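In the order they appear, the protein sequences are chains F and U. Using our numbering, the first residue of the first sequence is number 1, and each one after it goes up by one. Using our numbering, the first residue of the second sequence is number 1, and each one after it goes up by one. Ideal Cβ placement from N, Cα and C applies to all residues, glycine included. Source: prediction; values computed, not measured. Okay, so here's the structure we're looking at.
2 protein chains.
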Amino acid sequence: MSSATHNRDAPHLALEAFLPYRLSILANTVSNAIAREYQGRFGLTIPEWRVMAVLGRFGPDVATGICERTAMDKVTVSRAMNRLIDGGLVNRSADDSDRRRAIARLTRKGRSVHDKIVPVALEHERRIVSTLTTAEMAELDRLLAKLQATASANG
Amino acid sequence: MSSATHNRDAPHLALEAFLPYRLSILANTVSNAIAREYQGRFGLTIPEWRVMAVLGRFGPDVATGICERTAMDKVTVSRAMNRLIDGGLVNRSADDSDRRRAIARLTRKGRSVHDKIVPVALEHERRIVSTLTTAEMAELDRLLAKLQATASANG
DNA sequence: ATAGTTTTGTTACACATGTAACCAATTCGG
DNA sequence: CCGAATTGGTTACATGTGTAACAAAACTAT
């Protein structure tokens, strides 16, 4: 096993304290843990589940709307939607007033799957934040919002 | 444009407040912003830069060690290392006491690139956290550590 | 009306990724 | 010792991803 000491005489990045790195690890750990559940039980990928969550949360929507709400690429959304349609979880109907647009909505089956996953996802989140006090949760909320605002602006 | 109101009478997930989702967006926003800089200027991918950061931070190491420190898959590390070796940024020498192991280290060129990127990465991080007070930074640090510990345990 | 532009969504391509299978070196058990 | 299990690392395959090119529909403005 190599030493845990770091180089003192050269510039280096304290990776274990570097915010982008920590955020990335944390986000992956959390997302993957939840994803395992709905991938195993329902065969859904992360983009697929996100599309369903948006439809369940905000009602029928066009692909562009889902892009905005999920921050996912439109290609990713397009493909996720097609897989959901193949699986019978979502259907799509043309918008008569603008035939480029296709309005997606959860099917009865899709709604049923959605309603089964939501509690699982919420329970998972609850477990993860369960070590935080109410005040800490509020503070986390505030800090994440602040960071996101700055990061988006600098993007 | 569809309404911003949500479904009140069915279970739904308030995506915009859902922690895994927010973490994922934030981590991607931040990582991509920094990645653009070292991809554009040095042609490095995120895994490649992470390998270099670990070698610069902790000194020569075997692939397994890098996997542990970065939480990246061993295949990802293997490929990133090979690209770095092709580019002359890293070299590898067999460990005589265990010839399965190959110890990677930054070349002079690799060290030079590393030393150019570190300040850029730190400056980027500084910009992002610059809206936080010292107390908020400390709190963020604490909260992320707490979340990571719980998430890892539940993984 | 109609040419040019914008918007919505899909397809083609190039590339990154993880799982699983694999090879080679080492260690473990008898 | 010697075969079996383990470990370090790479390769093959299937899949996921984003950029760019594209097609179709709808605006815009003469």
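(message) Check whether the segment 124–143 of chain F and the segment 136–151 of chain U touch, using three or more Cβ-Cβ pairs below 8 Å as the test.
(response) yes
(message) In whole angstroms, give me the CA-to-CA distance for T45 of chain F and L26 of chain F.
(response) Here residue 45 of chain F refers to the residue found at position 45 when the first sequence is read from its first residue. Here residue 26 of chain F refers to the residue found at position 26 when the first sequence is read from its first residue. Straight-line Cα distance between these residues: approximately 19 Å.
(request) Compute the distance between the beta-carbons of A80 of chain U and E37 of chain U, then report whether it is under 7 Å. (result) Counted from its first residue, the second sequence places residue 80 of chain U at position 80. Counted from its first residue, the second sequence places residue 37 of chain U at position 37. No, Cβ-Cβ distance for A80 of chain U and E37 of chain U is not below 7 Å.
(message) Please tell me whether T105 of chain U and L144 of chain F are closer than 7 Å, where the distance is taken between their beta carbons.
(response) On the second sequence, position 105 is the one that residue 105 of chain U refers to. On the first sequence, position 144 is the one that residue 144 of chain F refers to. The question names Thr, but residue 105 of chain U is Arg in the sequence shown. Taking 7 Å as the Cβ cut-off, R105 of chain U and L144 of chain F do not qualify as a contacting pair.
(message) Just to confirm my understanding: we take C67 of chain F, look at its own chain, exclude 5 residues before and 5 after, and list those with CB closer than 8 Å. What are they?
(response) To locate residue 67 of chain F, count along the first sequence from 1; it is residue 67. If we look at C67 of chain F and ignore the five residues flanking it on each side, its Cβ neighbours are D73, K74 and V77.
(message) Judging by CA-CA distance, which residue of U:E16, U:D96, U:G56 and U:R100 is the nearest neighbour of V156 of chain U?
(response) Residue 156 of chain U lies beyond the range of chain U shown here (1 to 155); nothing can be said about it.
(request) Could you tell me if V54 of chain F is buried or exposed, where buried requires 16 or more neighbouring beta carbons within 10 angstroms of its beta carbon? (result) Translated into positions along the first sequence, residue 54 of chain F becomes position 54. Flag for V54 of chain F reads buried.
(message) At the level of alpha carbons, what is the spacing between K109 of chain U and V51 of chain U?
(response) Mapped onto the second sequence, residue 109 of chain U falls at position 109. Mapped onto the second sequence, residue 51 of chain U falls at position 51. C-alpha separation (whole angstroms): 15 Å.
(message) What does DSSP give as the partner residue(s) for V62 of chain U in the beta ladder?
(response) Against the second sequence, residue 62 of chain U aligns to sequence position 62. According to DSSP, V62 of chain U bridges with U:I103.
(request) Report the three-state DSSP secondary structure of A10 of chain F (helix, strand or coil). (result) Here residue 10 of chain F is taken as the residue at index 10 of the first sequence, counted from 1. The answer is coil: DSSP assigns A10 of chain F none of H, G, I, E or B.
(request) Whole angstroms is fine: what's the gap from I34 of chain U's alpha carbon to D96 of chain F's? (result) In the second sequence, counting from the first residue as 1, residue 34 of chain U sits at position 34. In the first sequence, counting from the first residue as 1, residue 96 of chain F sits at position 96. Spanning the two alpha carbons is a distance of roughly 43 Å.
(message) For R64 of chain F, count the other beta carbons within 10 Å of its own beta carbon; 16 or more makes it buried, fewer makes it exposed. Which is it?
(response) As a working note, residue 64 of chain F is residue 64 in the first sequence. Going by the sequence as given, residue 64 of chain F is Thr instead of Arg. So T64 of chain F counts as exposed.
(message) Only counting the same chain, and skipping five residues up and downstream in sequence, which positions put a Cβ closer than 7 Å to that of V30 of chain F?
(response) As a working note, residue 30 of chain F is residue 30 in the first sequence. For V30 of chain F, where only same-chain residues beyond five positions count, the Cβ hits under 7 Å are I128.
(message) Output needed for R69 of chain U: all residues of its chain with C-beta closer than 6 Å, excluding positions within five of it in sequence on either side, in chain order.
(response) Locating residue 69 of chain U in the second sequence gives position 69, counting from the first residue. Excluding sequence neighbours, R69 of chain U sits near V54.
(request) Return no unless some Cβ of chain F is closer than 7 Å to the Cβ of D95 of chain U. (result) To locate residue 95 of chain U, count along the second sequence from 1; it is residue 95. Output row for D95 of chain U: interface = no.
(request) Could you please give me the residues that DSSP links to V90 of chain F through a beta bridge? (result) Along the first sequence, one-based indexing puts residue 90 of chain F at 90. For V90 of chain F, which the question treats as bridged, DSSP gives the partners F:L106.
(request) Report buried or exposed for A138 of chain F, applying the criterion of at least 16 other Cβ atoms within 10 angstroms of its Cβ. (result) Walking along the first sequence from the start, residue 138 of chain F turns up at place 138. With fewer than 16 other Cβ atoms within 10 Å, it is exposed.
(message) For H124 of chain U and I85 of chain F, I'd like the C-alpha separation in whole angstroms.
(response) Reading the second sequence from its first residue, position 124 is the one you call residue 124 of chain U. Reading the first sequence from its first residue, position 85 is the one you call residue 85 of chain F. Their Cα atoms are separated by approximately 41 Å.
(message) Below 9 Å on C-beta distance, what does R92 of chain U contact in chain F?
(response) On the second sequence, residue 92 of chain U is found 92 positions in, with the first residue counted as 1. None at all; the shortest Cβ gap to chain F is about 15 Å.
(request) Taking all protein chains shown into account, decide if D98 of chain F is buried (16 or more other Cβ within 10 angstroms of its Cβ) or exposed. (result) Along the first sequence, read from residue 1 onward, the residue named residue 98 of chain F stands at position 98. That one is exposed.
(request) Quick one: measure Cβ to Cβ for R92 of chain U and I103 of chain U, integer angstroms, because I've assumed they're closer than 8 Å. (result) Locating residue 92 of chain U in the second sequence gives position 92, counting from the first residue. Locating residue 103 of chain U in the second sequence gives position 103, counting from the first residue. About 7 Å separates the two Cβ atoms, so the contact holds.
(request) Return helix, strand or coil for D141 of chain U, following the three-state DSSP convention. (result) For the purposes of this step, residue 141 of chain U is identified with residue 141 of the second sequence, where counting begins at 1. DSSP places D141 of chain U in helix when its eight states are reduced to three.
(request) With DSSP as the reference, label T150 of chain U as helix, strand or coil. (result) Along the second sequence, one-based indexing puts residue 150 of chain U at 150. In this structure, T150 of chain U counts as helix in the three-state DSSP scheme.
(request) Could you tell me which chain U residues have their CB closer than 9 Å to the CB of I128 of chain F, listed as they occur along the chain? (result) Against the first sequence, residue 128 of chain F aligns to sequence position 128. Result: L19, P20, L147, T150, A151 and N154.
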